[in-house]
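Asker: Protein chains in written order, with the numbering used here: chain A, 1 to 85; chain B, 1 to 353; chain C, 1 to 374.
Each residue gets a CB set at the ideal place from its N, CA and C atoms; glycine is no exception.
The structure that follows is given in the form of C-alpha cells.
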C-alpha cells in the first residue's frame, strides 16, 4: 500500500487551514498536503501518496546508499563474462 | 512447454461468454469488454465479409472503385482541451480510420446530438474548429444531421462523423496480414491525448502544458505508402492505447508480437502523470499516432519516410512479429526480462495501491 | 524522475541479481507483503532474475483484496441510495461483492465517483450540502493518516454530510497471524516500505524476536526490491535474524510521528475481518468515539445479505502465500479480470491479477538464469 512517488516541492501556501505544496513530478505539478512533513521546504523532495506528502526524502542517505549500489553496478560491469553461461 | 503455450494461446482469446444484463462504461473503452460487445451483439446481427475483417474502416467494391467507409462517434469530455476540441477530434479520428486502410479521405458527414440548453457560442466554436480541421485535411463535410435532446439526457454534445475515401487498387492493408519477422513501427510518443484530457478534467497542472496529439494522419500515411509497398497494416491506437491495437493485430493475424520497452517513446510529463496516477502509458489513448507492421527489409525506408514528415519525427521501431504464442503481445523490459502486455478489460482506473 | 529512475537502473539491478545468485547456497522462501511490490516484481520480471533456489511468495499486501465482502456490499447498498454520493479510490470499483460491484452499481444509476485523494470527498461534501457523501476509506497504515484527514477536516469545518465507511488493515498483526500458522513456509519478509514510512519499523522487532526470522523494509522499485532480497539472503545464509531498513530514503525507525498522531486521534484499533483469511484480532482500524458522527456504519441503517465466496476461489490460500494463482482450478478460465471470482483477480495489486496480466510464468524464458553460487 503502496503507490507513493517522489516529487520536488516548488512552492508552499496555506489553504483551508492546511499547509499545501505544489509538487513537481518529472514535468507535471500537482498540489499535495504538507501537513505530515512540517519540516519540508521549497526544493526538498517528498514522497506523495493520495495527495499527501508522507515523508521527506532523505537525500543524503539516498546519496550515500546509492553510491554503494553504483559501485556494485560498476564492479559487476567490469568482471569478465560468466564461464558457464 | 508446447502445452502451456497452447493454453496461453487459448487464454488470450476474450473471456468466456458471460451473461451481463447491463452495458457498462467499460464496454466503450476499447478493450476486452468492447471486443465482447462487438463479438456477441453486433457481429452476429450484421454478418458480412467487409464487417468481419474488423479493420478501422470497411472497404467495398462499387462499380470498380474501392470505397473505404468508416464511422465514429465522439463523446469526449471536456469538450475543449489543449490541442483540440470535440470538433477537430471528430474530423481527425474519422480521417485516420480511413487513412489506416490506405484510403485518400474525401468526404465527411457530421451528425450532432445536442443537449437542450447548450451554448450557441460553444456550438459555433466547435463547428468552426471542425470546418478548419476538415479544410486543412482537404476533405469536405457534405452532409449532416442535427438532433436536440432534452436537458439532462445528453451530456452537452455528441458528434458522429462518417468518412468516405478511395483506396487505390492493389493496396491491401489489413490487420490480418502481419507475418513473423515483420517489424512494428510507431510514429511517436504515446499517452499524450489521454493524459491531456485527464489533466484538464482533474485540474492537474503542467509546467509545459501537455497537449493532445490530435492530428490527421493521411499525409504521413501517404509518404509511408510512397516509400514502400511492403506495409502489411496500419492502425491508430486510440481508446485502449497501443496495447489494445497491437493485441488486436496479433489476434487477427494469429501471430505474436514482442516489444522493446526502452524503444517506446513517452514524454517526461506524460510519464510523470502516469506514475502519479498509477496508469500505464501503453493503455492511454492517442489521437495522432499510428503503428505500422512492415516487412523487415522495408522497415528502414518506411522509418525514413516517417521521420521526414512532421507527424513522424519521433518514429521508432518498437518491436518484432514472431510465431511464438499466437495472439500474444509481450515486452522485453529494460532488465532483459519478459512480460505480457495484456489487453485491458475495461477502462484503466487510477489506483492508490 | 529523481529518486525514481535511479532505482530502475538495469545495470545495478542485474548486478544485484548476480550477487544474490553468488551468495545463495540453500533454498529460501521469501515473502513480500505489499501489493505494490508484487506489481513491480511481475512488471519487471524480477523473479526471472533470481536464482531457482529463491522462491518469492506474495503476501496479503493488497488492502483492496482483503476488504471484507460485507464492506463492499455495504458500499454498493449505500451507493444505490438516491441521496448518497459514494466516493472511492479507483482500485475498489471492480472488486466483486456478493452480487455486484461498484461499477455495476454505477451502471444502474448509483452516483459513484472516483477520488485521487480523500480531500476530494470533503470537496464533494462541501459542494453538495443536500446529499450525503460516503467515502470508502480503505487501505493499510500508509493511507490511514490521509483518510483520517478527511474526517478531521470535516469535523473542523462542521460538515454534517460526510461520513467514512472504514476498512483499514494493519500489517504487523497480519504477519504475526501468518507466521503462527502451521503451514507457514516463509523464512524472510520484505516489509512494506510505505507502510513503514508512516509507522516506522519498531513493530517488526517483536516479530523478529518471536519468530526468529529476518525482516527487511523494502522500497518499490526494481533496485529496491533486489537490494532487499540481497539483504535477506545475506542474513539467512549467515543465520542472522534482525530488522534492517533498505528503504532509507523514505523510512526511519520512528516513522512519521505527525501522521501517527492524526491516526490515533481519528481511529482506534479494532478486530478486523480479512477477506479470504478471516478474523485477525486487533488488526484493523475503526473511527474513534470522538468521530462517531462520521462513521457510516453508525449513521446508516444497513441490513445485509451475507453471502459466501464462490467455492472455487482459493484467494485465502493465495493471500497467505500457500498457493500460487496458477494452482487455482478457475484461474484464467472461470476467473478472469472481466469476471473475477475473488478480489485478488481484480485489484491491480492482487496476486491473481498480476499473474494474469503479466502471465510471465507461461512465456518461454529466453533470458539465461544466473547460476547459483557461482
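Give the straight-line distance between the Cα atoms of residue 329 of chain B and residue 132 of chain C, rounded to the nearest whole angstrom.
Answerer: 45 Å
Asker: Please classify residue 11 of chain B as buried or exposed, where buried requires at least 16 neighbouring CB atoms within 10 angstroms.
Answerer: In this predicted model, residue 11 of chain B has a pLDDT of only 32, less than 50, meaning its place in the structure is not dependable; the value taken from the coordinates is given anyway. Residue 11 of chain B comes out buried.
Asker: Round the Cβ separation of residue 254 of chain B and residue 182 of chain B to the nearest angstrom and send it over; I've been treating them as touching at under 8 Å.
Answerer: Actually they are not in contact, since the Cβ atoms of residue 254 of chain B and residue 182 of chain B sit about 13 Å apart, beyond 8 Å.
Asker: Could you work out which residue in C:355, C:356, C:346, C:354 is closest to residue 66 of chain C when comparing CA atoms only?
Answerer: C:346
Asker: Tell me which residue opens and which closes the alpha helix (DSSP H) that residue 274 of chain B is part of.
Answerer: 268-277
Asker: Where residue 205 of chain C and residue 118 of chain C are concerned, what is the direct C-alpha to C-alpha distance, given to the nearest angstrom?
Answerer: 32 Å
Asker: Excluding the 5 residues preceding and the 5 following residue 263 of chain C in the sequence, name in chain order all residues of the same chain whose CB lies nearer than 6 Å to its CB.
Answerer: 144, 145, 148
Asker: Figure out for me which residue from B:172, B:188, B:58 has the closest Cα to the Cα of residue 313 of chain B.
Answerer: That would be B:188, whose Cα lies nearest to the Cα of residue 313 of chain B.
Asker: So, helix, strand or coil for residue 162 of chain B, using DSSP?
Answerer: Reduced to three states, the DSSP call for residue 162 of chain B is strand.
Asker: At the level of alpha carbons, what is the spacing between residue 248 of chain C and residue 137 of chain C?
Answerer: 28 Å
Asker: Consult DSSP for residue 21 of chain A and reduce its assignment to one of helix, strand or coil.
Answerer: strand
Asker: Consider the Cβ of residue 86 of chain A: report whether some Cβ of chain C lies at a distance smaller than 7 Å.
Answerer: Shown here, chain A extends from 1 to 85; a query on residue 86 of chain A therefore has no answer.
Asker: Run through chain A and tell me which residues come within less than 8 Å of residue 116 of chain C, C-beta to C-beta.
Answerer: 50, 51
Asker: Excluding the 5 residues preceding and the 5 following residue 347 of chain B in the sequence, name in chain order all residues of the same chain whose CB lies nearer than 7 Å to its CB.
Answerer: 25, 26, 29
Asker: Tell me, please, which residues DSSP counts as bridged to residue 14 of chain A.
Answerer: A:19
Asker: Name the chain C residues whose beta carbon is nearer than 8 Å to that of residue 14 of chain A?
Answerer: Those within 8 Å of residue 14 of chain A in chain C number zero; the least Cβ separation is about 14 Å.
Asker: Are residue 54 of chain C and residue 223 of chain C touching if we call contact CB-CB under 7 Å?
Answerer: no
Asker: Which residue from B:343, B:69, B:280, B:197 puts its Cα closest to that of residue 101 of chain B?
Answerer: B:69
Asker: Report the partner residues of residue 272 of chain C according to the DSSP bridge assignment.
Answerer: Answer is C:280, bridged to residue 272 of chain C.
Asker: For residue 34 of chain A, go through chain C and note every residue whose CB falls closer than 7 Å to its CB, in chain order.
Answerer: In chain C, no part has a C-beta under 7 Å from the C-beta of residue 34 of chain A; the shortest such distance is about 10 Å.
Asker: Going by other Cβ atoms of all chains shown within 10 Å of its Cβ, with 16 needed for buried, is residue 38 of chain A buried or exposed?
Answerer: exposed
Asker: Strictly under 7 Å for the Cβ-Cβ distance: is residue 373 of chain C near chain A by that measure?
Answerer: For residue 373 of chain C, the predicted model reports a pLDDT of 36, less than 50, meaning its position is unreliable; a value from the coordinates is still stated below. Output row for residue 373 of chain C: interface = no.
Asker: So for residue 247 of chain B, helix, strand or coil by DSSP?
Answerer: helix
Asker: Determine, for residue 27 of chain A, whether the minimum Cβ-Cβ distance to residues of chain B falls below 7 Å.
Answerer: yes
Asker: Check the DSSP bridge columns for residue 237 of chain C and list the partner residues they point to.
Answerer: Note: residue 237 of chain C sits in no beta bridge, so no partner.
Asker: Distance, Cα to Cα, residue 358 of chain C vs residue 332 of chain B?
Answerer: 12 Å
Asker: According to DSSP, is residue 263 of chain B part of a helix, a strand, or is it coil?
Answerer: Correct three-state label for residue 263 of chain B: helix.
Asker: Could you run through the region 242-260 of chain C and flag, in chain order, every residue whose CB is less than 7 Å away from some CB of chain A?
Answerer: 248, 249, 250, 256, 258, 259
Asker: Kindly indicate which residue of B:120, B:72, B:77 has the alpha-carbon position closest to the one of residue 95 of chain B.
Answerer: B:72
Asker: With distances taken from CA atoms, which of C:354, C:230, C:116, C:158 is nearest residue 198 of chain B?
Answerer: C:116
Asker: What does a CB cutoff of less than 8 Å around residue 339 of chain B pick up in its chain, not counting 5 residues either side in sequence?
Answerer: 330, 331, 333
Asker: In whole angstroms, give me the CA-to-CA distance for residue 305 of chain B and residue 23 of chain A.
Answerer: 41 Å
Asker: From this set, B:61, B:299, B:213, B:40, which residue's C-alpha is nearest residue 321 of chain B's C-alpha?
Answerer: B:299
Asker: Inspect the beta-carbon positions of residue 186 of chain C and residue 215 of chain C and report whether they are closer than 7 Å.
Answerer: no
Asker: Check whether chain C comes within 7 Å of residue 73 of chain A, counting only Cβ atoms and requiring the distance to be less than that.
Answerer: Put simply, the CB of residue 73 of chain A is near chain C, with a gap under 7 Å to one of its CB atoms.
Asker: Exposed or buried, which one is residue 273 of chain C when buried takes at least 16 other CB atoms within 10 Å?
Answerer: For residue 273 of chain C, the number of other beta carbons within 10 angstroms of its own is at least 16, and it is reported as buried.
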